[in-house]
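K.L.:
So our numbering is basically just the index in the sequence shown, starting at one, shifted up by 6.
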Amino acid sequence: MSYNNENYNPPNYPTTNNYDYENNYDEKPESNQNFDEAFKVTKPRFNDWPFTIFFLLVVAGFIGVGGITLNALRETFDFQGTSIYNSGNKFSLNTNTIILFAFIIALSLVLSTLIIVYARMAPRVFIISGLILNVVLGLATAIYYFAVKYYSAAIVFLVFTCISAFCYWSARSRIPFSATVLTITIDVMKRYPSTLVTSFIGIIVSSSFSVLFSVVIVGCYVKFDPNSQNEGCSVGGGSCSQAKLIGILVFVFFAGYYISEVIRNIIHVVIAGVYGTWYYLAGSDRGAPRFPALGALKRALTYCFGSICFGSLIVSVIQLIRAGVQILKSDAFGSGNNCAGCAFLVLDFIIGFVEWAVKYFNQYAYCYVALYGKSYIKSAKDTFDLLRFKGMDALINDCFIGTSLNLYALFVGYVVALLSYLYLKYTAPEYNSSGTYYAPVVAFSFLISGQITRVALVVIESGVSTFFVALAKDPEVFQMTNRQRFDEIFQNYPQVLQKITSDH
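1) By the 10 Å Cβ neighbour count, where 16 or more other Cβ atoms means buried, how is Cys310 classified, buried or exposed?
2) Using beta-carbon positions only, say whether Val228 and Ala108 come within less than 7 Å of one another.
3) Is the distance from the Cβ of Phe350 to the Cβ of Leu326 below 7 Å?
4) How many angstroms separate the CA atom of Phe52 from the CA atom of Thr433?
5) What is the residue span of the alpha helix (DSSP H) that Gly243 lies within?
6) CB-CB under 6 Å to Phe166, same chain, minus the five flanking residues each way: which ones, in chain order?
7) Compare the Cα-Cα distances from His578 to each of Ile209, Phe257, Ser240 and Ala338 and report the closest residue.
8) With DSSP run on the structure shown, which of helix, strand or coil describes Pro435?
9) Please work out which residues of its chain come closer than 6 Å, Cβ to Cβ, to Ile121, disregarding the five sequence neighbours upstream and downstream, and give them in chain order.
10) Are Ile69 and Ser216 touching if we call contact CB-CB under 7 Å?
11) Under a Cβ-count criterion, where at least 16 other Cβ atoms within 10 Å of its own Cβ denotes burial, should Met195 be classed as buried or exposed?
12) If you scan the region 302–367 from start to end, which runs of the alpha helix (DSSP H) of 4 or more residues do you find wholly inside it?
13) Among the residues of its own chain, which have a CB less than 6 Å from the CB of Ser410, if the five just before and after it don't count?
14) Output needed for Tyr370: all residues of its chain with C-beta closer than 7 Å, excluding positions within five of it in sequence on either side, in chain order.
15) Under a three-way DSSP split, which group does Pro295 fall into?
16) Output needed for Tyr263: all residues of its chain with C-beta closer than 7 Å, excluding positions within five of it in sequence on either side, in chain order.
17) Under a three-way DSSP split, which group does Ser511 fall into?
18) Beta-carbon of Gly469 versus every beta-carbon of chain C: anything under 7 Å?
19) Mind reading off the beta-carbon distance from Thr459 to Val418? Whole number of angstroms is fine, and I expect it under 8 Å.
20) Measure the CB-CB distance between Ile74 and Val221 and report whether it falls below 7 Å.
21) Confirm, please, whether the CB-CB distance from Val71 to Val258 is below 7 Å.
22) Under a Cβ-count criterion, where at least 16 other Cβ atoms within 10 Å of its own Cβ denotes burial, should Asp54 be classed as buried or exposed?
23) Kindly indicate which residue of Ile111, Thr308 and Ser381 has the alpha-carbon position closest to the one of Gly317.
24) Cβ atoms of Leu117 and Ile407: under 7 Å apart, would you say?
25) Tell me the DSSP secondary structure of Val421 in three-state form.
26) Of all the options Ala299, Val364, Gly301 and Gly282, which has the alpha carbon lying nearest to the alpha carbon of Leu319?
27) I need the straight-line Cα distance from Ser176 to Tyr378, nearest angstrom please.
28) Check Val71 in the structure and name its three-state DSSP category.
29) How long is the line joining the alpha carbons of Arg491 and Leu76, rounded to whole angstroms?
30) For Ser313, which option in Pro446, Asn271, Ile265 and Ile223 has the closest C-alpha, if you only look at C-alpha atoms?
31) Who are the near neighbours of Asp404 in its chain, counting only those whose CB is closer than 7 Å to its CB and skipping five residues on each side?
32) Spatial neighbours of Tyr429 within its chain, please: CB distance less than 6 Å, with the 5 preceding and 5 following residues excluded, ordered by chain position.
33) Of the choices Ile161, Cys315, Phe450 and Tyr285, whose alpha-carbon is the least far from that of Gly469?
34) Going residue by residue through the region 447–484, where are the continuous alpha helix (DSSP H) segments of at least 4 residues, counting only ones entirely within it?
35) May I ask you to report which of helix, strand or coil DSSP gives Leu503?
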């Protein structure tokens, strides 16, 4: 499609049916149709169902391991201790660690909620301040770790800080467009409180699972640590050995990542359905269906659940590999093997980029899953066409909101990681007398805070991604119903006039 930016003029659409096109978010009355009627599901309806079965097996395995480890915690409760300082377990994670994880989850929940409130109050300032805040805090955290001679963490945070500073400098010219899109997203969020309700329920579910996940991690050490003083070895559920402990931990971490990712993507699909309803139907003659969030939730838990499990599995495997590399990296730097530590640092950066790319890809793929009920592979093909047609550079640079949100999540990770380190340092549990547990506990704290924050911020990410997909496929819809906002977008992003014309 060819177009001339200088000759573009907003069309003079007539105002009919008492609908005010100048009012950006005025809506038609709700229609009697349901969500499935508004957004038809192509056959076969139940997509990628083998991955549903696999996910349920993983959940069953996690419940089985959880039952064994929680029983070991219960049977050795007096030995593990009831507070921060009175544990008899002096060789592995204990009640002291559980209390730390409780603090981490609570802090992550509070900070995530404040981030959403801040985004609603000042969308434009939200983007700029997030970038600056992360650079300042990341640099301060790195300096502190250098001062206390915790060099592995200092180097990691210094690298993240440099990346954050580079992102801000390279993307500063794109902020006006991103601010406009974020403002639109926040306005729609205000008109559809079900998006915030969905996000709130997601935060509660995710936080509750994070609590269970944290306790099971501690329980694995209690039950399977082969230390001769470990009373958990005498509890039913199997013998203790180092190989068994590592194997169980690998499975538990994988299951934890997988379940968390599925929870997050269910929320994403639900919110994408609400935003799709607003974009296509709020200003149409048919009107929007009633209770779009419930309709989208039904689709997410039935027709699209296998596709959600499919995409989540890919991300979870990458997260598991990256977590292992991060622990090896921290151990290498902690033992003074800087050569190996640098190698693991580079590998961590590469895997982190792959993880970001897959998550970024999935973010748009699930919009197709939500709106069109397609399988994950078909949605991935549509996403590839979207990126190929619009250009990866355009999506990354013109829509910088996702990066800003990730930086806010990184900010929460900085705070939580620092809290974990200070907690271990000043409570001084005997199991960490040699400092060997700094690396795994800080790394796990950072990861679990990231999971909670990502679930909390998905309400914004989903709205932005769905809006961009709909704008790429049908820009004329937004041009007619939200002319003022469309003109504002065009000024900063003239490629909006290009439309993906192929039918996938």
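Glycine is no exception: its CB is placed at the ideal position from the N, C-alpha and C atoms.
P.N.:
In this structure, then:
1) Buried, since its Cβ has 16 or more Cβ neighbours within 10 Å.
2) In this structure, Val228 sits away from Ala108, with a CB-CB distance that is not shorter than 7 Å.
3) Going by C-beta atoms, Phe350 is not nearer than 7 Å to Leu326.
4) The alpha-carbon atoms of Phe52 and Thr433 are separated by roughly 52 Å.
5) For Gly243, no alpha helix (DSSP H) run applies, since DSSP gives it neither H nor E.
6) Excluding sequence neighbours, Phe166 sits near Gly144.
7) The requested residue 578 does not occur in the structure, where the chain is confined to residues 7 to 510.
8) If DSSP states are grouped into helix, strand and coil, Pro435 belongs with coil.
9) Contacts found: Tyr414.
10) Cβ atoms of Ile69 and Ser216: not closer than 7 Å.
11) Around the beta carbon of Met195, a 10 Å sphere encloses 16 or more other beta carbons of the protein chains shown; the residue is thus reported as buried.
12) You should have 311–340.
13) Ile133 and Gly136, listed in sequence order.
14) The residues Thr389, Leu392, Ser471 and Val475, in chain order, have a CB closer than 7 Å to that of Tyr370 in the same chain once the five nearest residues on each side in sequence are set aside.
15) Strand at Pro295.
16) Once the five neighbours on either side are set aside, the close Cβ partners of Tyr263 are Ser322, Gln325 and Leu326.
17) Any question about residue 511 goes unanswered here, given that the chain covers just 7 to 510.
18) Going by chain labels, chain C is absent from the structure shown, which holds only one protein chain.
19) In this structure Thr459 touches Val418 by the C-beta definition: roughly 5 Å separates them, less than 8 Å.
20) A distance of 7 Å or more separates the beta carbons of Ile74 and Val221.
21) Contact flag set, yes.
22) It counts as buried.
23) Nearest C-alpha to Gly317 among Ile111, Thr308 and Ser381: Ser381.
24) No; because the gap between Cβ atoms is not below 7 Å, this pair is not in contact.
25) Looking at Val421 - three-state DSSP - the assignment turns out to be helix.
26) Considering only alpha carbons, the answer is Val364.
27) Their Cα atoms are separated by approximately 35 Å.
28) DSSP places Val71 in helix when its eight states are reduced to three.
29) Answer to the nearest angstrom: the Cα atoms are 54 Å apart.
30) Nearest C-alpha to Ser313: Asn271.
31) Because the pLDDT at Asp404 is just 48, under 50, the model does not fix this residue reliably, and the point stays unresolved.
32) Taken in chain order, the residues that qualify are Leu106.
33) The residue among Ile161, Cys315, Phe450 and Tyr285 with its C-alpha nearest the C-alpha of Gly469 is Tyr285.
34) None, since the region 447–484 contains no complete alpha helix (DSSP H) of that length.
35) Leu503 sits in a helix when the DSSP states are folded into three classes.
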